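Going down the list, the protein sequences come from chains A and B.
Residue numbers for the first sequence follow our numbering, beginning at 1 and rising by one.
Residue numbers for the second sequence follow our numbering, beginning at 223 and rising by one.
We treat Cβ as the ideally placed atom computed from N, Cα and C, and that holds for glycine.
This structure is a prediction, so every number in the text was calculated from the model and none was measured.
Number of protein chains: 2
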Amino acid sequence: MQHRLLDENDRVAANSRFWLGERGIVALNVMGAPGAGKTQLLERTVRELGPSVPVSVLEGDQQTDRDAQRIRAAGAPVTQLTTGSGCHLNATMVANGLRDLEPREGSLLFVENVGNLVCPALFDIGEAVRVVVMSVTEGDDKPLKYPHIFRTADVLVLNKSDLLEHVPFDVERCLTEARRVAPPLRTFELSALTGDGMQPWLDWLQSLVRAPRQSTATRTRP
Amino acid sequence: MQHRLLDENDRVAANSRFWLGERGIVALNVMGAPGAGKTQLLERTVRELGPSVPVSVLEGDQQTDRDAQRIRAAGAPVTQLTTGSGCHLNATMVANGLRDLEPREGSLLFVENVGNLVCPALFDIGEAVRVVVMSVTEGDDKPLKYPHIFRTADVLVLNKSDLLEHVPFDVERCLTEARRVAPPLRTFELSALTGDGMQPWLDWLQSLVRAPRQSTATRTRP
């Protein structure tokens with residue numbers, strides 16, 4: 001039965017990916033453990049990218065719209081998706097969220113998944129890029145202990161670097177083991193709280209939407 | 223189908239609970255996000271309880287036996303349970319683990335679940351006590367954002383209290399919201415890294431196995 005559910009999920013995800021691609025919207029699936037600092041990273045990213053790059057956000061949580069309120073206060077359009085007892089977003093939730101959010105053409109769309117280092121790895125939601133956010137307070141052993149989510153990731157953000165001096169965490173060991181699981185991984189080390197190390201992350205995000213694009217009409221009907 | 227799976231799980235869990243109860247073994251299901259410090263808490267607990275209280279551990283992880291090695295080095299018998307792509311322990315894994323581990327009569331048994339604030343909440347594994355370990359670096363909003371796991375918890379351990387001065391975290395707000403979700407919650411604030419605040423936790427654990435018990439034989443065949 002799980003196979004059939006995944007087939008249906010992948011069909012919806014493929015539709016969303018096509019729809020997003022046509023409009024030049026780059027969707028990033030932002031995953032990570034509870035408390036990794038995903039929302040804080042998005043808040044600061046929204047503020048610092050500013051008006052130069054249009055950004056919108058789908059916020060996934062089990063309960064509450066607190067994260068959506070934080071993103072809205074930071075200045076981006078946002079739709080909250082609550083999963084109830086569910087442990088991950090799926091493609092249908094995201095497709096419904098897209099209808100509500102109506103992200104702009106040529107924009108970045110962050111989809112903040114439910115805080116969980118396991119289940120989100122299994123579900124395609126139509127994203128172009130998979131980002132794992134990991135706090136240095138979680139310990140440097142996580143890539144090998146939760147390999148599935150790292151294996152499918154394009155980007156690893158090591159967050160809360162301001163706490164490195166207070167916790168036992170070997171950055172080199174963590175990155176080496178993460179790359180052993182996912183060799184082409186792009187990595188950033190930053191603190192979304194203090195802002196240290198944000199610039200390379202912001203530059204990379206801008207590069208995602210900087211490439212010139214054809215008009216949607218041209219690409220829809222070639 | 224999920225209902226039938228849960229029925230079967232609950233049947234196995236009930237068997238384990240009976241088996242453990244007969245032997246005066248108090249099983250604690252230790253849950254929490256990845257990096258909350260569950261293993262570190264158990265390492266220090268094993269070391270500090272010392273020979274006065276017999277302790278054994280079932281270690282749940284997606285991959286690797288690193289945590290089991292750490293617990294063994296701390297001095298307790300341990301069996302590693304790896305779930306592969308699974309996001310939680312279930313009653314059958316734990317029942318199989320018990321056959322391998324053979325915990326002593328009148329002992330404490332810690333079952334460290336897979337790091338996850340969502341899925342473990344749904345699965346009874348035959349425990350007597352449910353413990354949620356939460357690091358203060360995760361943010362004080364977690365009880366309301368992940369209410370299911372807090373609702374079923376008996377105990378909340380706020381770990382990494384040594385980092386409180388470096389992170390935005392309102393202990394009172396967190397505990398108030400956790401008690402709103404789970405009114406009878408017993409709470410401990412400690413640092414498993416530095417050892418601060420461990421004593422009330424250790425005293426409480428000792429109280430769990432201190433009560434006099436009848437012999438197993440008497441209780442098995444009344």
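- Contact of residue 369 (chain B) with chain A is assigned, a C-beta pair being separated by under 9 Å.
- Just measuring C-alpha positions, the residue of A:205, A:115, A:125 sitting nearest residue 155 (chain A) is A:205.
- Leaving aside the five residues that flank residue 77 (chain A) on each side, the residues in its chain whose CB is nearer than 7 Å to its CB run, in chain order, 56, 101.
- Taking each of B:302, B:284, B:285 in turn and checking the Cα distance to residue 291 (chain B), the smallest one comes out for B:302.
- With 16 or more neighbouring CB atoms inside 10 Å of its own CB, residue 120 (chain A) falls in the buried class.
- The alpha-carbon of residue 311 (chain B) is positioned some 15 Å away from that of residue 286 (chain B).
- Bridge partners of residue 431 (chain B) according to DSSP: none are assigned.
- Of the residues assessed, residue 183 (chain A) falls on the exposed side of the cut-off, its CB having fewer than 16 other CB atoms within 10 angstroms.
- Taking 8 Å as the upper bound for CB-CB distance, residue 354 (chain B) and residue 419 (chain B) are not in contact here, some 16 Å apart.
- Contact check for residue 107 (chain A) against residue 30 (chain A) fails: the beta carbons are separated by 9 Å or more.
- The shortest CA-to-CA distance from residue 208 (chain A) to any of A:116, A:24, A:13 is the one to A:24.
- Between residue 111 (chain A) and the set A:139, A:47, A:67, A:137, the nearest pair of CA atoms involves A:67.
- By DSSP's assignment, residue 27 (chain A) forms a beta bridge with A:109.
- When 9 Å is used as the limit between beta carbons, residue 283 (chain B) is near these residues of chain A: 145, 146, in chain order.
- Assignment of beta strand (DSSP E) within the region 74-111 of chain A, counting only whole runs of 3 or more residues, yields 78-82 in chain order.
- Inter-segment contact for the region 389-399 of chain B and the region 364-374 of chain B is present: three or more beta-carbon pairs are separated by less than 8 Å.
- If you look at residue 188 (chain A), you'll find it in the beta strand (DSSP E) that goes 186-189.
- Around residue 87 (chain A), the beta-carbon contacts reaching into chain B at under 8 Å are 309, 338, 340, 341.
- Scanning the region 36-66 of chain A from its first residue to its last, the whole alpha helix (DSSP H) runs of 4-plus residues come out as 38-49.
- Interface flag for residue 385 (chain B) against chain A is set, since a Cβ pair is found closer than 9 Å.
- Relative to residue 335 (chain B), the option among B:271, B:316, B:357, B:394 whose CA is nearest is B:316.
- Chain order gives no chain B residues near residue 103 (chain A), where near means a beta carbon separation below 7 Å; the closest approach is about 24 Å.
- Looking at the DSSP output, residue 21 (chain A) bridges to nothing.
- Assigned with DSSP and collapsed to three states, residue 175 (chain A) falls in helix.
- By the C-beta density criterion, residue 191 (chain A) is buried, having at least 16 other C-beta atoms within 10 angstroms.
- Only residues of its own chain outside the window of five on either side were considered, and among them 54 have a CB closer than 6 Å to the CB of residue 104 (chain A), listed in chain order.
- Close to chain B, meaning a Cβ-Cβ distance shorter than 8 Å, is no residue of the region 8-27 of chain A at all.
- With a threshold of 16 other beta carbon atoms within 10 Å, residue 91 (chain A) meets it and is buried.
- For residue 348 (chain B), DSSP assigns no beta-bridge partner whatsoever.
- In this structure, DSSP gives residue 355 (chain B) an extended state, which the three-state scheme calls strand.
- Measuring C-alpha to C-alpha distances from residue 7 (chain A) to each of A:48, A:134, A:125 identifies A:125 as the nearest.
- Against chain A, a Cβ distance below 8 Å from residue 397 (chain B) picks out nothing, because the smallest value is about 16 Å.
- Under the three-state reduction of DSSP output, residue 378 (chain B) falls in the strand class.
- Residues of chain B with a Cβ closer than 9 Å to the Cβ of residue 66 (chain A) are, in chain order, 363, 366, 367.
- Residue 199 (chain A) counts as exposed, since fewer than 16 other C-beta atoms from the protein chains shown sit within 10 angstroms of its C-beta.
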